[in-house]
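Here the protein sequences line up with chains A and B, keeping their order. Note that this note's numbering numbers the first sequence so that position 73 is 73, with each residue one more than the last. Note that this note's numbering numbers the second sequence so that position 68 is 68, with each residue one more than the last.
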Amino acid sequence: MKPSPILTVKDLSVVFPDSNGGLHALENISFEVCPRDFICFLGPSGSGKTTLLKILASLLQPTTGEINFSGNRRPEVGMVFQQSNLMPWRTVMDNIKLPLELDGVGESEARAKASEMIDLVGLNGFEDSWPRDLSGGMAQRVGIARALIHDPDLLLLDEPFASLDALTRERMWTELSRIWQAKQKTVIMVTHSINESLFLADRVLVLTQRPGKIKLDVEVDLPRPRKDDIRYTPHFGKLARKLRDAIE
Amino acid sequence: MKISFSRWLGTISILFGILAWGLIAHLSGLPKFILPSPVDVWTRLLKSLADGSLLYHTSVTLLEIMLGLLVGVTCATVLGYLLAKSRSLEKILSPYLVASQAIPIVAIAPLLVIWLGQGMLSKVVICALIVFFPVLVNTVVGVRAVPPALYDMMNSLRASRWQVMTKLEVPASLPVLLGGLRIGATLSVIGAIVGELVDAKEGLGFLLKVGDFQYDTSMVFVAVMMLVALALSLYGIVTVLEKRFLKWQQTTP
């Protein structure tokens, strides 16, 4: 039996006002997310992926449609961005504990939690480093730690590995799956990488070119934990083919 | 070897300059009230230190500068922040702000002294006015340069307006703000002196004027050097602040 969804999105449309009748970014998007799901939106650039995440993070208001979070409250979110978006004037430790600081958590408790997160993302020894001294992969780990530290209801990932090199990116997939399994979070990720979406997600939703509509909804029934070589199995290939065909 | 030598370059340059000045004063045979020698100036310096007049007038000018900086920087950062946040406020105020910069401070200093009296107040106001603009411009530039993505990050964490200001906007614009303060600090010395030269009963500007009237050129030199020392110290303080607050910008050794 399927658990009841914690997030229901219904007939969501977004139109950005412009000179000729408005720019339709998203059209009639409906989907449900169950607790601890890892779902992935896959689409070409300009399909409104980032817009969708911004709406879920309440950074944007939809033009029409509804978003319902269980309990009718605004979900706490943790967001990881394409660029790591760290504050250059804060050390790794201080960047990670920012969400707790904003929530008014005491300094010692915040530091203790941040240390835990640093452990989780494997950045021991870099607590007092400045962001400028971090590699892209390390900066993104800090971003992930920051997004998780306040134990959010939803983890939103906006092409978090797009700016990393191919090898680092693949290592980060394994890392992210491990973190996701450890933390049992509900994750919504957007990406334009088919491999990334299949490697990580339970479900992949394919968005069309602008205006973004859901074209395909695929259950990814690959066994977990997934290892690197899963990408060379026939089933992975079949799913990748299906997704590829759906993206025009 | 090379590094230790370059560290002394500044000192060597200053010593060389004093030597050249002494030579010129000696060889040209100009009278003391036109070009005093370094020794004359040194003697005058000791004398004015001994009778307490130099320190007294310096402290008056320093107080004017500090008050002027405080008022100028406070007004400029507050208004600058509001301008950075509101385009319409910027449109309303910018004609006045730009016009105020078109008037040289020397031109309105006599007016301010007439209106505000020959006491400290007029100097503080002149000082504040001269500091105001560079700090204002830098505040606006600094706050506008905060990356929009960081606002998104803060908002996704439901940061309050106050938290966005204290934890994002202030630290993010601090480098540019301190750059403005660095310019303002040196300008503030000019502001105080301009005010004192118009009319004053105390301060280094007053000392300059007295020295000028009495053909006590050595005194003028002493006062000018004191001004340079003041400006350098203020500049130094801002540099220390930058080192302290902008650690994250410096490359690790």
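From the three backbone atoms N, C-alpha and C, an ideal C-beta is built for every residue, glycine too. These numbers were taken from a predicted model, which means no experiment stands behind them.
DSSP three-state label for residue i, please.
i: valine 71 (chain B); result: helix
i: asparagine 195 (chain A); result: helix
i: lysine 85 (chain B); result: helix
i: phenylalanine 245 (chain B); result: helix
i: arginine 203 (chain A); result: strand
i: serine 13 (chain A); result: strand
i: aspartate 217 (chain A); result: strand
i: isoleucine 105 (chain B); result: helix
i: methionine 138 (chain A); result: helix
i: leucine 53 (chain A); result: helix
i: glycine 125 (chain A); result: coil
i: isoleucine 188 (chain A); result: strand
i: threonine 63 (chain A); result: coil
i: threonine 58 (chain B); result: helix
i: threonine 8 (chain A); result: strand
i: proline 249 (chain A); result: This structure leaves residue 249 (chain A) out entirely; chain A is present only between 1 and 248.
i: phenylalanine 221 (chain B); result: helix
i: lysine 167 (chain B); result: helix
i: leucine 232 (chain B); result: helix
i: serine 58 (chain A); result: coil
i: lysine 91 (chain B); result: helix
Would you check if the distance between the CB atom of residue i and the CB atom of residue j is smaller than 8 angstroms?
i: valine 15 (chain A); j: leucine 86 (chain A); result: no
i: aspartate 11 (chain A); j: glycine 65 (chain A); result: yes
i: glutamate 169 (chain B); j: valine 143 (chain B); result: yes
i: isoleucine 179 (chain A); j: valine 121 (chain A); result: yes
i: alanine 25 (chain A); j: isoleucine 96 (chain A); result: no
i: arginine 44 (chain B); j: valine 222 (chain B); result: yes
i: threonine 186 (chain A); j: aspartate 18 (chain A); result: no
i: phenylalanine 31 (chain A); j: leucine 205 (chain A); result: yes
i: leucine 198 (chain A); j: leucine 239 (chain A); result: yes
i: threonine 139 (chain B); j: glycine 180 (chain B); result: yes
i: threonine 77 (chain B); j: glycine 203 (chain B); result: no
Look up residue i in the DSSP assignment and give the residues it is bridged to.
i: aspartate 199 (chain B); result: The partner list for aspartate 199 (chain B) (beta bridge, DSSP) is empty, contrary to what the question assumes.
i: glycine 212 (chain A); result: A:Leu26
Cα separation between residue i and residue j?
i: aspartate 119 (chain A); j: glutamate 90 (chain B); result: 48 angstroms
i: leucine 52 (chain A); j: valine 33 (chain A); result: 14 angstroms
i: proline 110 (chain B); j: leucine 197 (chain B); result: 9 angstroms
i: phenylalanine 213 (chain B); j: methionine 219 (chain B); result: 11 angstroms
i: leucine 56 (chain A); j: histidine 192 (chain A); result: 19 angstroms
i: glycine 29 (chain B); j: alanine 50 (chain B); result: 29 angstroms
i: tyrosine 232 (chain A); j: asparagine 195 (chain A); result: 11 angstroms
i: leucine 129 (chain B); j: glycine 71 (chain A); result: 56 angstroms
i: serine 156 (chain B); j: glycine 68 (chain B); result: 41 angstroms
i: glutamate 242 (chain B); j: serine 100 (chain B); result: 29 angstroms
i: alanine 159 (chain B); j: valine 105 (chain A); result: 14 angstroms
i: isoleucine 190 (chain B); j: methionine 165 (chain B); result: 33 angstroms
i: alanine 139 (chain A); j: glutamine 250 (chain B); result: 18 angstroms
i: lysine 183 (chain A); j: arginine 241 (chain A); result: 31 angstroms
i: alanine 112 (chain A); j: leucine 100 (chain A); result: 11 angstroms
i: valine 190 (chain A); j: glutamate 159 (chain A); result: 6 angstroms
i: phenylalanine 236 (chain A); j: glycine 22 (chain A); result: 39 angstroms
i: methionine 226 (chain B); j: threonine 58 (chain B); result: 8 angstroms
i: threonine 174 (chain A); j: alanine 162 (chain A); result: 15 angstroms
i: cysteine 127 (chain B); j: leucine 55 (chain B); result: 20 angstroms
i: arginine 244 (chain B); j: glutamate 64 (chain B); result: 26 angstroms
i: proline 35 (chain A); j: alanine 110 (chain A); result: 26 angstroms
i: valine 77 (chain A); j: isoleucine 29 (chain A); result: 20 angstroms
i: leucine 150 (chain B); j: aspartate 128 (chain A); result: 21 angstroms
i: leucine 232 (chain B); j: leucine 187 (chain B); result: 11 angstroms
i: proline 31 (chain B); j: valine 41 (chain B); result: 13 angstroms
i: proline 36 (chain B); j: valine 224 (chain B); result: 13 angstroms
Note the first and the last residue of the continuous beta strand (DSSP E) segment covering residue i.
i: cysteine 40 (chain A); result: 38-42
i: aspartate 119 (chain A); result: Per DSSP, aspartate 119 (chain A) belongs to no beta strand (DSSP E); it is in the alpha helix (DSSP H), 107-120.
i: glycine 71 (chain A); result: Per DSSP, glycine 71 (chain A) belongs to no beta strand (DSSP E) and is neither H nor E.
i: leucine 100 (chain A); result: No beta strand (DSSP E) holds leucine 100 (chain A); the alpha helix (DSSP H) holding it covers 98-102.
i: leucine 207 (chain B); result: Leucine 207 (chain B) -> not in any beta strand (DSSP E); alpha helix (DSSP H) instead, spanning 204-213.
i: leucine 154 (chain A); result: 154-158
Tell me which residue opens and which closes the alpha helix (DSSP H) that residue i is part of.
i: phenylalanine 81 (chain A); result: It is not in any alpha helix (DSSP H) - phenylalanine 81 (chain A) carries neither H nor E in the DSSP assignment.
i: histidine 235 (chain A); result: 234-246
i: glutamate 27 (chain A); result: Looking at the DSSP string, glutamate 27 (chain A) is not in any alpha helix (DSSP H); the run it does join, the beta strand (DSSP E), is 23-33.
i: isoleucine 126 (chain B); result: 120-144
i: aspartate 152 (chain B); result: 148-156
i: methionine 172 (chain A); result: 166-183
i: aspartate 40 (chain B); result: 38-50
For a contact defined as C-beta to C-beta under 8 angstroms, what are the partners of residue i on chain C?
i: phenylalanine 81 (chain A); result: No chain C is part of this structure, whose protein chains are labelled A and B.
Does at least one heavy atom of the ligand MG sit under 7 angstroms from the Cβ of residue i?
i: glycine 22 (chain B); result: Only the bare structure without any ligand can be found here, which leaves the ligand MG out of the picture.
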